[in-house]
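Engineer: Quick one: the structure is below, and I'll ask about it shortly.
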Amino acid sequence: MEVESLIPFLLGIFILIVSMLAKNIYSLVIGLCFIGLSFTQIPYVIGIFYIIIGTSVLLYTLRTRNAIDKKLAIIDSLTGVYSRYFFEEYIKKELGKAKRYNKKFSVLFIDLNDFKLINDRFGHSAGDKVLNLIATKLSNTLRDCDIIARWGGDEFAVFLTETNCNELLEVIDRLYSEVNVSYGDVKVTLSIGFACYPEHGQSIEELIHEADKSMYRAKNMYKMLNK
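In terms of our numbering, the sequence shown is residues 4 to 230.
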């Protein structure tokens, strides 16, 4: 193989490796084209032109994939609210601001009562619909500046901006009143736990732990009252 043909051949191999790592079909095709180019009689200058164009396309597709991956990491694909990853990163930043400027905030952990009955009786597609409805009602009930995230399964987390413990109780009462979903003969309601900064913790771990414990106390109370 001549030197002129070796350059696009090696670049084609490189692009194939990158495309497989990135799982990008377009880059894979480009890599195969470059390898094919090395076995043709196309002049070297034209080959370089193809390489420049192909590399530009490759970089564009990689950037596009990275943007999509980043969005998927931020947004929960099922409910459209924020993801747990985003929530954890966001609360870290807000804790730093709260310490610096002496601000208050609150965290809610929310578990859905009787959600398992929805899945058991009506199937997981019905469960997905209920999760979507709950997420929508949470968004409609809370402020635009509050952050709602799906923590996992049928649990949600909420960051309440500049909300102290007294204001928090009003928010919780409103959520209990307005956020519920009936599906068939099952009514899904909320068990809500909370933690206030700085009263209930000075670190993310302490606040999340306190909100989680508070949520399970609320869950146990619901079970006791509905035996």
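Note that CB positions come from ideal geometry on N, CA and C, so glycine has one too.
Give the list of continuous alpha helix (DSSP H) stretches no shorter than 4 residues that lie fully inside the region 156-207.
Structural biologist: Qualifying alpha helix (DSSP H) stretches, in chain order: 168-181.
Engineer: Out of curiosity, what's the CA-to-CA distance linking residue 241 and residue 165?
Structural biologist: Within the shown structure, residues of the chain are numbered from 4 to 230, placing residue 241 beyond reach of any answer.
Engineer: Relative to the C-alpha of residue 186, which residue among 102, 114, 124 is closest?
Structural biologist: Counting from one through the sequence shown, the residue named residue 186 turns up at place 183. The residue with the shortest Cα to Cα distance from residue 186 is 124.
Engineer: Which residues mark the beginning and the end of the alpha helix (DSSP H) in which residue 84 is found?
Structural biologist: Locating residue 84 in the sequence shown gives position 81, counting from the first residue. Residue 84 -> no alpha helix (DSSP H), and no H or E assigned at all.
Engineer: The alpha helix (DSSP H) with residue 116 in it runs from where to where?
Structural biologist: Translated into the one-based positions of the sequence shown, residue 116 becomes position 113. Careful: residue 116 lies outside any alpha helix (DSSP H), inside the beta strand (DSSP E) at 108-116.
Engineer: Could you give the distance in angstroms between the alpha-carbon of residue 145 and the alpha-carbon of residue 230?
Structural biologist: Along the sequence shown, one-based indexing puts residue 145 at 142. Along the sequence shown, one-based indexing puts residue 230 at 227. Residue 145 and residue 230: Cα-Cα distance of roughly 31 Å.
Engineer: Are the region 161-176 and the region 185-202 touching, with three or more C-beta to C-beta distances below 8 Å?
Structural biologist: Result yes; three or more Cβ-Cβ pairs closer than 8 Å.
Engineer: If we ignore side chains and look at the alpha-carbon of each, how far apart do residue 143 and residue 181 end up?
Structural biologist: Numbered from 1 along the sequence shown, position 140 holds the residue referred to as residue 143. Numbered from 1 along the sequence shown, position 178 holds the residue referred to as residue 181. So the alpha carbons of these two residues sit roughly 10 Å apart.
Engineer: Which value, in whole angstroms, describes the spacing of the CA atoms of residue 112 and residue 126?
Structural biologist: Along the sequence shown, one-based indexing puts residue 112 at 109. Along the sequence shown, one-based indexing puts residue 126 at 123. Their backbone Cα atoms lie some 25 Å apart in a straight line.
Engineer: Roughly how many angstroms separate the alpha carbons of residue 135 and residue 128, rounded to a whole number?
Structural biologist: Position 132 of the sequence shown, counting from 1, holds the residue named residue 135. Position 125 of the sequence shown, counting from 1, holds the residue named residue 128. So the two alpha carbons sit approximately 11 Å from each other.
Engineer: Give a yes or no on whether the C-beta atoms belonging to residue 79 and residue 177 are separated by under 8 Å.
Structural biologist: The residue you call residue 79 lines up with position 76 of the sequence shown. The residue you call residue 177 lines up with position 174 of the sequence shown. The answer is no: Cβ separation not under 8 Å.
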